[in-house]
Ligand code: FRU
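Residue numbers (the UniProt record's numbering): 25 to 526.
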């Protein structure tokens, strides 16, 4: 397969070459953001799972580092967490030089002492700020009894009220989240199980659980806990996707509040993202203050191995700030781009349009509004139109473009990538991603982040997100607005040109 530089993302992390899936152990330490990830060091396909590593000081410019945790003949390294063991509870460092501790899943192989395929939790640590990692002498630190082939993805955090570490893991095929606690990161005791719960189907896996507190509507006195996890398959957009529960955690048990009464309608559950390409999302640890930032894998297990990029396969979503907000009467997990991204946009040339009225027509924005990487912030006031929206990464003749469309009658927001460029590399590359979004007055606000091979659409205070990969030709770089069957006014439209911003 020939190289595809036209699809190398500018703002999103991708490894120089080879396969990448889940983000692993993202953390902030001494002014540097570290990102690890499921990586195959030798081929652009899943296998030989190891932890790749990249660093950044602004979450936008990443520097790929040496592989941090390589596979070997006895085991593969699956997903997990890194924590800064500030008080040296593990005793693996010193008070002056606290260790960085990576809890991760080991998948044992034929020639290991365990049955092939057994999954258990292991520990590695670093005493040089994450440059090199040593395996802990006791491997693994946590097993399931009897041994399991599906026990993985430790998410670890410091539970301050109890003064201990908490680990969330899954027995993926149960599907159940298992919670453990530890005083030292090496000896773990069982706390409780959560699940199956919510929208569950036969054969559905739960993966990559994380549990974290967030203030509701910015009010620290009204803190709630969020349990976020990946489900695969059966996601709302097909294949793999992420769901979350809001509730309480007393140091032992997570209790969700306000679960829909029956599990039959996936739309009744809380989805982190309604697009197809946002999976295995996990929070950064070690962030200053109360900030909460998440990052996910921008792909889908339905077609990840067929994605037509080369010489790399796999990229991350933009890091997003998380907030818990009351939207439509219930607490919802809301995403917005991190402040480094907002600063980047503020520093780039912006073109503004206001009061653009369209009456049953399409309108190509002038040709100086073009680019492969754009930030679009806009409002639409749909006076009488049935449907209105924009096409991005479009050709001037309108034959190619990714649609962001609001349907007034059905009150639905859709991203339509059926004419986005290359789509036929997999029959499972789904075309339309639809979310119910009430807008009785016809006022829609949209924030759209367009990179060389992706779009991220945010609306309703970030409670609605649609993240999708697209593979347009390089020349499809125009923006078209449209209003169908009536009038729409496009208000306060700001388009920031981000090509060349790196
Ligand atoms: C999620 C996942 C994890 C596992 C890893 C293997 O995408 O399946 O459960 O640890 O990927 O690469």
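No residue lacks a Cβ here, since even glycine has one placed at the ideal position from N, Cα and C.
Would you call residue 62 buried or exposed, if buried means 16 or more other Cβ atoms sit within 10 Å of its Cβ?
In the chain shown, residue 62 corresponds to position 38, counting from 1. With 16 or more Cβ atoms within 10 Å of its Cβ, residue 62 is classed as buried.
With DSSP as the reference, label residue 74 as helix, strand or coil.
As a first step, residue 74 must be located in the chain shown, where it is residue number 50. Residue state, collapsed to three classes: strand.
Looking at residue 62 and the ligand FRU, is the gap between the Cβ and the nearest heavy atom below 6 angstroms?
Position 38 of the chain shown, counted from the start, is the residue given in the question as residue 62. Residue 62 Cβ: within cutoff of the ligand FRU.
Measuring only the C-alpha atoms, how far is residue 462 from residue 483?
Within the chain shown, the letter at position 438 stands for residue 462. Within the chain shown, the letter at position 459 stands for residue 483. In a straight line, the C-alpha of residue 462 is about 11 angstroms away from that of residue 483.
For residue 172, which of helix, strand or coil comes out of DSSP?
Working through the chain shown from its first residue, we reach residue 172 at position 148. Of the three classes helix, strand and coil, the one that applies to residue 172 here is strand, per DSSP.
Would residue 378 be called buried (16 or more neighbouring beta carbons within 10 Å of its own) or exposed?
For the purposes of this step, residue 378 is taken as residue 354 along the chain shown, with counting starting at 1. It counts as exposed.
Run through DSSP, which three-state label would residue 386 get?
Your numbering for residue 386 matches position 362 in the chain shown. Reduced to three states, the DSSP call for residue 386 is strand.
Going by beta-carbon coordinates alone, are residue 18 and residue 310 separated by less than 7 angstroms?
Since the first residue shown for the chain is 25 and the last is 526, residue 18 is missing from the structure and cannot be characterised.
Near residue 467, what residues of its chain come up, given a Cβ to Cβ distance below 6 angstroms and the 5 sequence neighbours on each side ignored?
Residue mapping note: residue 467 aligns to position 443 of the chain shown, counting from 1. Hits under 6 angstroms: 405.
When the Cα atoms are used, what is the spatial distance from residue 506 to residue 129?
As a first step, residue 506 is located in the chain shown; it is residue number 482 there, counting from the start. As a first step, residue 129 is located in the chain shown; it is residue number 105 there, counting from the start. Spanning the two alpha carbons is a distance of roughly 49 angstroms.
Apart from the five residues just before and just after residue 150, which ones in its own chain have a Cβ nearer than 7 angstroms to its Cβ?
Here residue 150 refers to the residue found at position 126 of the chain shown. Within the same chain, residue 150 has close Cβ partners 123, 124, 156, 157.
Would you say the beta carbon of residue 506 is closer than 6 angstroms to some non-hydrogen atom of the ligand FRU?
As a position in the chain shown, residue 506 is number 482, starting the count at 1. No, Cβ of residue 506 sits at least 6 angstroms from all heavy atoms of the ligand FRU.
Measuring alpha carbon to alpha carbon, tell me which residue in 512, 375, 347 is nearest residue 408.
Counting from one through the chain shown, the residue named residue 408 turns up at place 384. Of the candidates 512, 375, 347, the one whose C-alpha sits nearest the C-alpha of residue 408 is 512.
Kindly identify the DSSP beta-bridge partner or partners of residue 475.
As a first step, residue 475 is located in the chain shown; it is residue number 451 there, counting from the start. Residue 475 is bridged to 478.
Just to check my reading of the structure: residue 475 and residue 159 have Cβ atoms closer than 8 angstroms, yes? What is that Cβ distance to the nearest angstrom?
Against the chain shown, residue 475 aligns to sequence position 451. Against the chain shown, residue 159 aligns to sequence position 135. That pair is no contact at about 37 angstroms.
Under 6 angstroms from any heavy atom of the ligand FRU, does the C-beta of residue 102 make it?
In the chain shown, counting from the first residue as 1, residue 102 sits at position 78. The answer is yes for residue 102.
Among the candidates 315, 287, 208, whose CA atom is the shortest distance from the CA of residue 127?
Taking the chain shown and counting its residues from 1, the one referred to as residue 127 is at position 103. Out of 315, 287, 208, 208 has the C-alpha closest to the C-alpha of residue 127.
How about the region 134-151 and the region 273-284: do they share at least three Cβ pairs that are nearer than 8 angstroms?
Taking a cut-off of 8 angstroms on C-beta distances, the region 134-151 does not touch the region 273-284, as fewer than three cross pairs fall below it.
Taking the DSSP output, what are the residues bridged to residue 100?
Here residue 100 refers to the residue found at position 76 when the chain shown is read from its first residue. 131, per the DSSP bridge assignment.
Once you ignore the five residues that flank residue 422 on each side, which residues in its own chain have a CB closer than 8 angstroms to its CB?
Residue numbering aside, residue 422 sits at position 398 when the chain shown is read from its first letter. Excluding sequence neighbours, residue 422 sits near 386, 388, 415, 504.
Return helix, strand or coil for residue 427, following the three-state DSSP convention.
Here residue 427 refers to the residue found at position 403 of the chain shown. Strand at residue 427.
Nearer than 6 angstroms: is that true of the beta carbon of residue 360 relative to any heavy atom of the ligand FRU?
For the purposes of this step, residue 360 is taken as the residue at position 336 of the chain shown. No, the Cβ of residue 360 stays beyond 6 angstroms of every heavy atom of the ligand FRU.
What do you reckon, is the C-beta of residue 231 under 6 angstroms from a heavy atom of the ligand FRU?
What you label residue 231 is simply residue 207 of the chain shown in a count that begins at 1. Within the cutoff, so yes.
Can you check which of these residues, 381, 251, 456, is closest to residue 301 by C-alpha distance?
Reading the chain shown from its first residue, position 277 is the one you call residue 301. Residue 456 is the option with its Cα nearest to residue 301.
Reducing DSSP to helix, strand and coil, say where residue 195 ends up.
Start at 1 with the first residue of the chain shown, and residue 195 comes out as number 171. Three-state result, residue 195: strand.
In angstroms, rounded to a whole number, what distance separates the CA positions of residue 199 and residue 228?
The count along the chain shown starts at 1 and reaches residue 199 at position 175. The count along the chain shown starts at 1 and reaches residue 228 at position 204. The straight-line gap from Cα to Cα measures roughly 7 angstroms.
Quick check: residue 444 and residue 400, are their CB atoms within less than 7 angstroms of each other?
Taking the chain shown and counting its residues from 1, one reaches residue 444 at position 420. Taking the chain shown and counting its residues from 1, one reaches residue 400 at position 376. No, the Cβ-Cβ distance between residue 444 and residue 400 is not below 7 angstroms.
Taking only the alpha-carbon atoms, compute the straight-line gap between residue 190 and residue 221 and give it to the nearest angstrom.
Stepping through the chain shown from its first residue, residue 190 is reached at position 166. Stepping through the chain shown from its first residue, residue 221 is reached at position 197. Between the alpha carbons of residue 190 and residue 221 lies a gap of roughly 21 angstroms.
Alpha helix (DSSP H) containing residue 405: first to last residue?
Stepping through the chain shown from its first residue, residue 405 is reached at position 381. Taken as a continuous stretch (DSSP letters only), residue 405 belongs to no alpha helix (DSSP H), being part of the beta strand (DSSP E) at 398-406.
Rounded to whole angstroms, what is the Cα-Cα separation between residue 515 and residue 398?
Translated into the one-based positions of the chain shown, residue 515 becomes position 491. Translated into the one-based positions of the chain shown, residue 398 becomes position 374. Going by the C-alpha atoms only, they are around 18 angstroms apart.
Within 8 angstroms, do at least three Cβ pairs link the region 517-524 to the region 331-343?
Taking one beta carbon from each stretch, the region 331-343 and the region 517-524 have fewer than 3 pairs nearer than 8 angstroms; the two do not touch.
Relative to the C-alpha of residue 307, which candidate in 319, 298, 299 has its C-alpha closest?
Taking the chain shown and counting its residues from 1, the one referred to as residue 307 is at position 283. Per the Cα distances, 319.
Return the CA-CA distance between residue 280 and residue 361, expressed in angstroms with no decimal places.
Along the chain shown, read from residue 1 onward, the residue named residue 280 stands at position 256. Along the chain shown, read from residue 1 onward, the residue named residue 361 stands at position 337. Cα to Cα, the separation comes out at about 27 angstroms.
Locate the alpha helix (DSSP H) running through residue 365, then write down its first and last residues.
Working through the chain shown from its first residue, we reach residue 365 at position 341. From DSSP, the alpha helix (DSSP H) with residue 365 extends over 363-370.
Rounded to whole angstroms, what is the Cα-Cα separation between residue 60 and residue 40?
Stepping through the chain shown from its first residue, residue 60 is reached at position 36. Stepping through the chain shown from its first residue, residue 40 is reached at position 16. In a straight line, the C-alpha of residue 60 is about 14 angstroms away from that of residue 40.
In the DSSP output, what is residue 183 paired with across the bridge?
The residue given as residue 183 occupies position 159 in the chain shown. The partner list for residue 183 (beta bridge, DSSP) reads 188.
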